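Visitor:
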Amino acid sequence: MDMKWLIRSQSIVTLAAGMIYPYYLLFLKNLGNSYSKYGLAFAVFTVSSAAVSGWLAPKVDRYSVHMLVASSFGMMAAMLLFPWVLSYTWVLILQLLMGVCNAMQKMSERVVLADYTEQGARGPVIGSYHFWTSVASGFAVILGGYVIDWLTMNALFYLSALLYGVSGWGIARHSRRQIKNMHDPRSHRL
Numbered sequence: 004m005d006m007k008w009l010i011r012s013q014s015i016v017t018l019a020a021g022m023i024y025p026y027y028l029l030f031l032k033n034l035g036n037s038y039s040k041y042g043l044a045f046a047v048f049t050v051s052s053a054a055v056s057g058w059l060a061p062k063v064d065r066y067s068v069h070m071l072v073a074s075s076f077g078m079m080a081a082m083l084l085f086p087w088v089l090s091y092t093w094v095l096i097l098q099l100l101m102g103v104c105n106a107m108q109k110m111s112e113r114v115v116l117a118d119y120t121e122q123g124a125r126g127p128v129i130g131s132y133h134f135w136t137s138v139a140s141g142f143a144v145i146l147g148g149y150v151i152d153w154l155t156m157n158a159l160f161y162l163s164a165l166l167y168g169v170s171g172w173g174i175a176r177h178s179r180r181q182i183k184n185m186h187d188p189r190s191h192r193l
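The numbering of the sequence shown is the numbering used here, which starts it at 4 and goes up by one.
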């Protein structure tokens, strides 16, 4: 099974996330100069991700690809809104949204990996997946530092939003192509 679409889209997601998260602390420092606020914001992110996982669990088998798309576009929206945030309350609201998107992304990527691979032949695909998403993560931190140095923190949020959007678009495009092929009688030939 060709998993290049998943590897590409999730490498882009990893690039977008890895690029912004190490420098997010700088953003919060400008809002209130408090590490405890960063701790609370991260807790809202992780707890909301955990809480929504139980609700999403029964739906993930049926809607995993849709959740990947929604996750990317939800994160894109959050990244577009962050530069306009002027209060810590809005940071917490966006962290809640990001936690929901994180749960959708993590759960659905695992289901898609299982669904689109065959038992006994998953190792090479998962190895390739892990390699490319890890490379994207390492590259992201370097890229994020250069973007902040050359431009601004806001530019980093906007670039991250663009990458999330590209990922969502790529997954949606693949999904439409797959549905079209399922309904094409020529694709059912032996």
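Cβ atoms here follow ideal geometry from the backbone N, Cα and C, with glycine treated the same way. Bear in mind that the values here come from a model prediction, so they are computed numbers and not experimental data.
From which residue to which residue does the alpha helix (DSSP H) around L37 run?
Guide: The sequence given here has Ser at residue 37, not Leu. Looking at the DSSP string, S37 is not in any alpha helix (DSSP H), and its letter there is neither H nor E.
Visitor: Determine whether the beta carbon atoms of S202 and Y161 lie at a separation below 8 Å.
Guide: Outside the shown range of the chain (4 to 193) lies residue 202, about which nothing can therefore be said.
Visitor: Just the C-alpha distance for Y83 and G77, rounded to the nearest angstrom, thanks.
Guide: In the sequence as displayed, the identity of residue 83 is Leu instead of Tyr. In a straight line, the C-alpha of L83 is about 10 Å away from that of G77.
Visitor: How would you call N105, buried or exposed, if buried means at least 16 neighbouring beta carbons within 10 angstroms?
Guide: So N105 ends up on the buried side.
Visitor: Under 8 Å, with one C-beta from each stretch per pair, do the stretch 58-77 and the stretch 107-124 reach the 3-pair mark?
Guide: Yes: the two stretches touch, three or more of their Cβ pairs being nearer than 8 Å.
Visitor: Give me the residue from A158, A139, S131, L165 with the minimum Cα distance to L3.
Guide: The requested residue 3 is not part of the displayed model; the chain covers only 4 to 193.
Visitor: Note down the Cα distance separating S190 from R180, rounded to an integer number of angstroms.
Guide: Residue confidence is low: S190 scores 47 on pLDDT, short of 50, so the model does not pin down where it sits. Its coordinate-derived value is still stated next. In a straight line, the C-alpha of S190 is about 12 Å away from that of R180.
Visitor: Can you look up L166 in the DSSP assignment and give me helix, strand or coil?
Guide: Helix.
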